[in-house]
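Same order as they appear, the protein sequences are chains G and Y.
Just so we're aligned: the first sequence equals residues 261 to 731 in this note's numbering.
Just so we're aligned: the second sequence equals residues -16 to 183 in this note's numbering.
No residue lacks a Cβ here, since even glycine has one placed at the ideal position from N, Cα and C.
This report concerns only the one structure given below.
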Amino acid sequence: MSNKPLTLAEKLWRDHLVVKGENGAPDLLYIDLHLIHEVTSPQAFDGLRLAGRGIRRKDLTIATEDHNTPTADIHLPIADATSRAQVQALRDNTAEYGVRIHSLGDKNQGIVHVVGPQLGLTMPGLTVVCGDSHTSTHGAFGALAMGIGTSEVEHVLATQTLPLQPFKTMAINVEGTLRPGVSAKDIILAVIAKISTGGGQGYVLEYRGSAIRALSMEGRMTICNMSIEAGARAGLIAPDQTTFDYLKGRPHAPEGADWDQALADWSDLVTDDGAVFDKEVFIDADTLDPFVTWGTNPGQGVSLMDSVPDPESFSDPSQRAAAQKALDYMDLKAGTKMKDIQVDTVFLGSCTNARIEDLRAAAEIIEGKTKAPNIRMMVVPGSARVRLQAEAEGLDKIFKDFGADWRFAGCSMCLGMNPDQLAPGERAASTSNRNFEGRQGKGARTHLVSPMVAAATAIRGTLSAPADLEQ
Amino acid sequence: MEKISNFTGIAAPLKLSNVDTDQIIPAVFLKRITKTGFEDGLFANWRQKEDFVLNQEPYQNASVLITGSDFGTGSSREHAVWALKDYGFKAVFSSKFADIFLGNSGKQGLIAGVISEADTEKLWKLIDENPGVEVEVDLPSQEIRLGAEVVSFDIDEYTKWRLTEGLDDIGITLQNEAAIAAYEAKRESWKPKTLPAKGV
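As structure tokens, this is what we get:
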């Protein structure tokens, strides 16, 4: 074996290689952890049944309910019949095959990408897959984590492996110190605006640099979570003391001699000096502003201090057309200051920004302040445990006193598969990850923002930074 | 899976880039627990507009979609591929596909072929000049033929082989049982197991 310096992504690939593909065939990689939810799994279980196959490693598989689940009155049966049937299918399938499940009402239920790390199942050096594109979240631990389709869910259930074509590698170097009011969400929105929604296609992104090192695990998860919005197959951050401290003592974290061995193995999970990335991108954290989107894809973002761009300013014809179409859909005029955009709803939630630190950051800003009239604010914790933690800290009271709706955990308004949707034409500042047409409800308009911007916006009624509150 | 070689069908021009999976099939249509019946969800919001391309007479029976760059971005939902197939599409061509969509297409026997931006424009122009024109899609030779015009497309060799042979991915992998078992035998003991459940 050669001693060629390797990137972190290449090491993870090497460590999971079961069969090297020949003559253009993909490599076969072992999968350490398979997360399941109700939307992308029923057809996979059906496929197993039809083929008479079993689950190879139910001890590496875990399910939860998140996309369809209501965030109010969760003690009642799910009102929507098709949602109820889909959740029931997951319960039936996991019971039939002996897969661990955390159902609505269980204290470990929540958004699948919040639950895995919380239980200490997500850790460095793993391959993690889930039938959900935001599986990239788990890359924050130095795991190779990928969203997969339903056929691949079936494949992993049956074989605990996946055939994969090797990826290219891209370094995202973020150097400097974030200013107050600027967070991980702003970094990733700026990255996507820079490289575009297709810029990461075929790549595994590795986020590096002093600004990344300074982030908590939750901030790192926010960044890796949105790697898919740049088109990347996965996002990674090398594990360090912050990672180990987060993991230590969690229910499924290694213990005793296993912990020591794990630490020894994890210490190798860095990109070697001299390793070459296929591409490098640089972001200056010192000068970064809060970032918000103006359009209908996550790459259509600007600094909150800027204005809605003029489609004519795009040299590429397809980008120009896309910008015009986005402005029409968003009902925005070029040149309007982002801070003059009035919103109707503020959504604090999703696998991107509904962890305890996100709730704390927003609560700190709204505490003792008055909500803008006509603003609806909905707070949906990422998991039942995040909700419990927030309540133990009194955050729920701060949100309720402010006039926000304090909900139970789930994907909720991020994609509106449950009743939490925006009305046609309604405009939201949302801490979620996608501002696609109709994503949060048919005809709904979404501006992606950080939890701090969401909180300031709820107070002022227009897209705002926390600094605007001091004026 | 059915073997695919070549076929002829009406080509529809979808002149948009960044068509994400929420446009291909909005989330409210993802609740079915079967693999079929998703045709109503295909481009559901856009199809409510009269001027949408698939609402135009010649394109209602289209089986080939010629679309702009970055098709299939966003969610991993394989329902996007099922919806296209259930509607009747057998092939989609774009200058760039999102990775997960590309993978899902290959699993489901939907040809996702990469053509240049210039060829995309050329095909759109030819279709506009002759709405409802049929094209021949030839997978083995990786060509789209429209009258005298021939446009070649890229598809990775392995996927092409699987599609033309109609092979089941899981069946191929299970031939490596010994290698998988050998890998499992040397897996690190610190790696997590979901069972027995802890933290409950």
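If you draw a straight line from the Cα of residue 569 of chain G to the Cα of residue 451 of chain G, it is about 18 angstroms long. DSSP places residue 313 of chain G outside any beta strand (DSSP E), giving it a letter other than H or E.
In the three-state reduction of the DSSP assignment, residue 398 of chain G falls in the helix class. A straight line joining the alpha-carbon of residue 106 of chain Y with that of residue 609 of chain G spans about 43 angstroms. Residue contact with chain G for residue 97 of chain Y: absent (no Cβ-Cβ distance below 8 angstroms to any residue of chain G). Listed in chain order, the positions of the stretch 30 to 41 of chain Y with a beta carbon within less than 8 angstroms of a beta carbon of chain G would be empty, since no residue qualifies. With a cutoff of 8 angstroms on beta-carbon distance, residue 441 of chain G and residue 637 of chain G are scored as not near each other.
DSSP places residue 392 of chain G outside both helix and strand once states are collapsed to three, so it counts as coil.
Runs of the beta strand (DSSP E) lying entirely within the stretch -9 to 51 of chain Y and spanning at least 3 residues, in chain order: 47 to 50.
Note on residue 64 of chain Y: 16 or more other CB atoms within 10 angstroms of its CB, so buried under the neighbour-count rule. Annotation: residue 70 of chain Y has no Cβ neighbours in chain G at a cutoff of 7 angstroms; minimum Cβ distance is about 18 angstroms. For residue 100 of chain Y, the uninterrupted alpha helix (DSSP H) run begins and ends at 100 to 112, by DSSP. Taking the Cβ atoms as the reference, residue 84 of chain Y lies roughly 7 angstroms from residue 4 of chain Y, within the contact range of under 8 angstroms. Among the bridge pairs identified by DSSP, residue 360 of chain G is matched with G:322.
Where residue 578 of chain G is concerned, there is no enclosing beta strand (DSSP E), although the alpha helix (DSSP H) around it starts and stops at 577 to 590. With respect to residue 269 of chain G, residue 475 of chain G sits apart: the two C-beta atoms are not nearer than 8 angstroms. Distance from the CA atom of residue 98 of chain Y to the CA atom of residue 412 of chain G, rounded to whole angstroms, is 26 angstroms. Assignment of residue 297 of chain G by DSSP, reduced to helix, strand and coil, places it in the coil class. For residue 573 of chain G, no beta strand (DSSP E) segment is defined, and its DSSP state is neither H nor E.
Shown here, residue 372 of chain G sits in a helix according to DSSP, grouped into three states.
A direct Cα-Cα distance of roughly 10 angstroms separates residue 545 of chain G from residue 444 of chain G. Here residue 414 of chain G is buried. Its C-beta has 16 or more other C-beta atoms within 10 Å. Taking all protein chains in view, the Cβ of residue 356 of chain G is surrounded by fewer than 16 other Cβ atoms within 10 Å, so the residue is classified as exposed. The beta carbon of residue 0 of chain Y sits closer than 8 angstroms to some beta carbon of chain G. Taking 8 angstroms as the cut-off, the Cβ atoms of residue 478 of chain G and residue 647 of chain G do not count as close. With a threshold of 16 other beta carbon atoms within 10 Å, residue 144 of chain Y falls short and is exposed. What residue 408 of chain G touches in chain Y, judged by beta-carbon distance under 8 angstroms, is 59, 83, 86, going in chain order. Looking at the backbone, the Cα of residue 67 of chain Y and that of residue 87 of chain Y are separated by about 12 angstroms. Residue range 428 to 435 is occupied by the beta strand (DSSP E) that includes residue 430 of chain G.
Within the DSSP secondary-structure output, residue 689 of chain G pairs in a beta bridge with G:606, G:707. With fewer than three CB-CB distances shorter than 8 angstroms, the stretch 363 to 379 of chain G does not count as touching the stretch 569 to 582 of chain G. Chain-ordered, the chain G residues with CB closer than 7 angstroms to the CB of residue 177 of chain Y read 319, 320, 321, 322, 360, 381.
Proximity of the stretch 158 to 178 of chain Y to the stretch 425 to 433 of chain G falls short of the contact definition, fewer than three beta-carbon pairs being nearer than 8 angstroms.
Against residue 47 of chain Y, chain G offers no close residue; the least beta-carbon distance is about 20 angstroms (beta-carbon pairs closer than 7 angstroms). Residue 591 of chain G has a beta carbon lying at 8 angstroms or more from every beta carbon in chain Y.
Residue 139 of chain Y and residue 286 of chain G have their C-alpha atoms roughly 10 angstroms apart.
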